[in-house]
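K.L.:
Residue numbering for the sequence shown follows the working numbering, starting at 801 and increasing by one per position.
Even for Gly, the Cβ is constructed at its ideal location relative to N, Cα and C.
Pasting a structure here, questions to come.
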Amino acid sequence: MKKFSRKFKILILFIIFVTIWIILAPVLANFLIVEKEIENADVIWILAGSATYIERNQTAALVYKKGNTSKVILTNDGGYGGWSKTEQRNPPFVELAKNQLVSQGVPAEAIEILPGTVEGTDEEADLFAKTVREQNLKSVLLVTSAYHSRRTLWTFEQSVIKNGLIIKIGLQTSPTGQQTPPPANWWLSRKGWKMVGGEYVKIIYYWLFY
């Protein structure tokens, strides 16, 4: 009887834990998602991200076709896609991203691929500051994946402050569900833990060291 009682208590605790987690998990995911509106922008800046480049570029193409900007900037994270039988090579993701934008109605002449490679959001924010100065940009709309958005906005705003820039920043996120799991069930996949769980680790690191 005592053994049964102990097992019953463990079961109840487990059910309580699972219930709390099912409620808490979407909150943790949604906390990472932020957007910042901006009416018009000199350029759309698509953050590099090989794992989510499709959804980011789809979002950027939709924004571009609204006519509130005339230029799209791509950065290169150095990643390469799968083998292309047509081209007999592994095309870089930044090239695939440009091709995708063109296929969705963005003119090739409106797309600029910045030279060099970036290996993280911090390096991209530094490149952003340099580009703002060189091109005398006054407003930029950042486009990135949902779970990457809070850290992106914070990092780029810190870069603006550190470099003494005067510029308006907006941010548009890609919808979840295509290359990123929805907030309700991200914890059911390894990819979700990498994107959501890993993002909290990165936020702490950036807050301490950027």
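Hey, quick one: how far does the beta strand (DSSP E) through S939 stretch, first residue to last?
P.N.:
That run of the beta strand (DSSP E) goes S939 to S945.
K.L.:
Could you give the residue range of the alpha helix (DSSP H) that holds Q958?
P.N.:
Its alpha helix (DSSP H) spans residues S949 to K962.
K.L.:
Below 6 Å CB to CB, which residues in the same chain sit around A829 once its five sequence neighbours on both sides are set aside?
P.N.:
Result list for A829: P983, W986 and V996, in chain order.
K.L.:
Report yes if the C-beta distance between L901 and A851 is below 8 Å; otherwise report no.
P.N.:
Taking 8 Å as the Cβ cut-off, L901 and A851 do not qualify as a contacting pair.
K.L.:
Assign Q972 to one of two classes, buried (16 or more other C-beta atoms within 10 Å of its C-beta) or exposed (fewer than that).
P.N.:
The residue in question, Q972, is buried, as its Cβ has 16 or more Cβ neighbours within 10 Å.
K.L.:
Can you tell me which of I911, E887 and K991 puts its alpha carbon nearest to the alpha carbon of G977?
P.N.:
Comparing Cα-Cα distances from G977 to each of I911, E887 and K991, the minimum goes to K991.
K.L.:
Take Y1010 and list the residues in its own chain whose beta-carbon comes closer than 7 Å to its own, dropping the five residues that flank it on each side.
P.N.:
Cβ within range, chain order: D922, T955 and Q958.
K.L.:
Counting Cβ pairs, one atom from each stretch, are 3 or more of them under 8 Å apart for the segment 921 to 939 and the segment 885 to 892?
P.N.:
Touching, no.
K.L.:
Just the C-alpha distance for F817 and R951, rounded to the nearest angstrom, thanks.
P.N.:
Taking the straight line from one Cα to the other gives about 29 Å.
K.L.:
Taking V932 and L965 to be in contact with their CB atoms under 8 Å, please state how far apart those CB atoms are, rounded to whole angstroms.
P.N.:
V932 to L965, Cβ: 6 Å. Contact.
K.L.:
Is it the case that the Cβ atoms of N890 and G882 are separated by a distance below 8 Å?
P.N.:
Yes.
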